[in-house]
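So in numbering that gives the first Met the number 0, spot 389 of the sequence shown is number 388, and the numbers just go up one at a time. Here the structure is laid out as structure tokens; the discussion comes afterwards.
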Amino acid sequence: MNDLSQKKLIIYIGLGIVLFGAGTLVTYFFLFRGIGAPAEPKEPEPVSENIPGFPEAGPGIGKDPRFGGGNIQPGSDREIPIATGIRTRLFLVAELASLGTGLSRAEDKIYYFKKDGGELDAFSFPAGTKEPLSTITIVSMVNAFWSPTRDRAIVSYLDGVVTKSFLFKGIGTSSVATLPVGIRSSAWSPTGSSLVYLTEKDGETALATADSSGKNQKTIFRTPIRELALSWPLSEKFALQTNPSGVVPGYIFIFTRASGELTRFLGPTNGLTSLWSPKGEKLLTGSTNAAGKSLSLAIHDSSGKEIFRPDLQTLPEKCSWAREEKVYCAVPRGIPQDAILPDDYRRGELNTNDRLVAIDLKTKIVSGVFNDGGYDMADIVVTKDEKFIFFTDRITGKVWGLEVTQ
0 MNDLSQKKLI IYIGLGIVLF GAGTLVTYFF LFRGIGAPAE PKEPEPVSEN IPGFPEAGPG
60 IGKDPRFGGG NIQPGSDREI PIATGIRTRL FLVAELASLG TGLSRAEDKI YYFKKDGGEL
120 DAFSFPAGTK EPLSTITIVS MVNAFWSPTR DRAIVSYLDG VVTKSFLFKG IGTSSVATLP
180 VGIRSSAWSP TGSSLVYLTE KDGETALATA DSSGKNQKTI FRTPIRELAL SWPLSEKFAL
240 QTNPSGVVPG YIFIFTRASG ELTRFLGPTN GLTSLWSPKG EKLLTGSTNA AGKSLSLAIH
300 DSSGKEIFRP DLQTLPEKCS WAREEKVYCA VPRGIPQDAI LPDDYRRGEL NTNDRLVAID
360 LKTKIVSGVF NDGGYDMADI VVTKDEKFIF FTDRITGKVW GLEVTQ
């Protein structure tokens, strides 16, 4: 091979290498670069009280296309007049999405965790001032449950698909205590001196207690029943409720620590949900028919006997006990005909458009308290003197306060 042929060969090889490298670079840029890079974040589609088909004071709000308009379930649009002489002042507590609200011991502050980051803040009322209490970062926070002593909280968050929990042990500090992984449900004792939680493993549910610092953990009961929610209404009695659904009968069981017995308290009842009174003497329940419709409320005594059935359609989780004889509830202005409760509400497919009412168990009178705006009220907190009521709007995550005078 002469020198000219060798030079041509070298040139061809060089060109081939250059072209191959360029082709590889182009292929990487257009095909693979997007795989490793995070997608540009998109703004979530807003869900507000102004969704077409539902005016601000309209029947309800639906995220799911089924609830975009149409009929409402019979009786769910009942008018509830505001009680004579009641005046309210609405004010914003937390502009950013928040959760885990709770009152201070003196009931002059409302605590809340910011959903994005988990920082704890306090809002003083009626002054209206704010202050940061903790800068602990909590990513993917799910909820927080305050102790009756109002100085600590059980905090839950997601780590991937696993639920993890810890005990936030002091206002204004960063003191925490780790709790077992996979806690499904937890509750404080009536005095706040202990806590209890449920975990699932090897096909069974374990009920365990710990002291208020998260120490001295002890399993006290096991059952093959899965997907239970937990309440601690009385010192020696624990309430275990099956996962609620409007199309499946539900139950509430009572476990008595002294005897070790598990007994049926209520059920089978479709759509069964519940909320115990502060002293555990009464229980507010919600239920539906077999199709998950015709939502109704009832109040039972500590034996399970029904003592009052107010003509309201709402869920106990949208209520709050002010005392043993008084409960406040957020009541939808209407429930879409196709809605199945509590399923659609708990899955986040349905938002409601609520008014606030008070149920007096002594007089058996239901009276309106607040009937403005378009809020899906949850996590309602009421001061003992009933002069201030707080709620979280599920649509925006904002925390609001109501000053009530009469």
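Ideal Cβ positions, reconstructed from N, Cα and C, are used throughout, including at glycine.
Residues of the same chain with a CB within less than 6 Å of the CB of Thr404, apart from the 5 flanking positions on each side, are Arg86 in chain order. When the beta-carbon positions are compared, Leu261 and Leu274 stay at least 8 Å from each other. In this structure, DSSP gives Lys317 a helical state, which the three-state scheme calls helix.
By the criterion of a C-beta distance shorter than 7 Å, Lys114 is surrounded in its chain by Ala96, Ser97, Leu98, Met140, Gly396, once the five residues flanking it on both sides are discounted. Within the segment 350-386, no run of alpha helix (DSSP H) reaches 4 residues while sitting entirely inside it. In this structure, Ala238 sits near Ser230, with a CB-CB distance shorter than 8 Å. Beta-bridge annotation (DSSP): Lys200 is paired with Glu203.
Only buried fits Ile71, as 16 or more other CB atoms lie within 10 angstroms of its CB. Inter-segment contact for the segment 351-369 and the segment 323-330 is present: three or more beta-carbon pairs are separated by less than 8 Å.
The C-beta distance from Ser366 to Ala82 rounds to 4 Å, short enough to meet the 8 Å contact threshold. Cβ-Cβ distances below 6 Å link Leu233 to Gly279 in the same chain, with the five nearest sequence neighbours on each side left out; the list follows chain order.
In the three-state DSSP reduction, Pro179 falls in the coil class, being neither helix nor strand.
Judged by DSSP in its simplified three-state form, Pro331 adopts strand. In this structure, the straight-line span from the alpha carbon of Glu199 to that of Gln240 is close to 15 Å.
The residue from Glu235, Phe220, Trp187 with its alpha-carbon nearest to that of Asp210 is Trp187. Contiguous beta strand (DSSP E) elements confined to the segment 117-158 occur at 119-123, 128-133, 140-145, 152-158, taking only those with 3 or more residues.
Pairing Pro331 with Asp353 gives a Cβ-Cβ distance under 8 Å.
Taking C-beta atoms as the reference points, Val398 and Tyr327 fail to come closer than 8 Å.
Following the DSSP letters along the chain, one finds Arg345 inside the alpha helix (DSSP H) bounded by residues 342-345.
Within the segment 206-256, complete beta strand (DSSP E) segments of at least 3 residues are found at 217-222, 227-233, 236-241, 248-255, given in chain order. In the three-state reduction of the DSSP assignment, Arg77 falls in the coil class.
If you compare the alpha carbons of Pro341, Phe220, His299 with that of Ser276, the shortest gap goes to His299. Annotation for Ile135: Ser173 place their beta carbon closer than 6 Å to its own, counting only its chain and skipping 5 residues before and after.
Annotation: Leu265 to Arg104 spans about 34 Å, alpha carbon to alpha carbon. For Ser146, same chain residues with a beta-carbon under 6 Å away, outside a window of 5 residues either side, are Trp187, Gly191 in chain order. Of the candidates Pro341, Ala338, Lys317, the residue whose Cα lies closest to the Cα of Asp375 is Lys317. Non-local C-beta neighbours of Gly303 in its own chain, meaning closer than 6 Å and more than five positions away in sequence, comprise Phe264, Leu265, ordered along the chain. Measuring C-alpha to C-alpha distances from Gly213 to each of Pro189, Pro179, Asp201 identifies Pro179 as the nearest.
Of the candidates Gly400, Gly347, Asn370, Thr162, the residue whose Cα lies closest to the Cα of Ile379 is Gly400. Residue pairing from DSSP places Phe307 in a beta bridge opposite Ile298. With contacts defined as CB atoms closer than 8 Å, Glu402 and Lys386 qualify as a contacting pair. A distance below 8 Å separates the beta carbons of Lys62 and Leu349. Taking a C-beta distance under 8 Å as the contact criterion, Val92 and Phe307 do not qualify as a contact pair. Secondary-structure assignment with DSSP links Arg393 through no beta bridge to anything. For Arg65, the secondary structure class from DSSP, reduced to helix, strand or coil, is helix.
Comparing alpha carbon positions, the residue from Glu226, Gly127, Leu132, Arg65 closest to Lys168 is Leu132.
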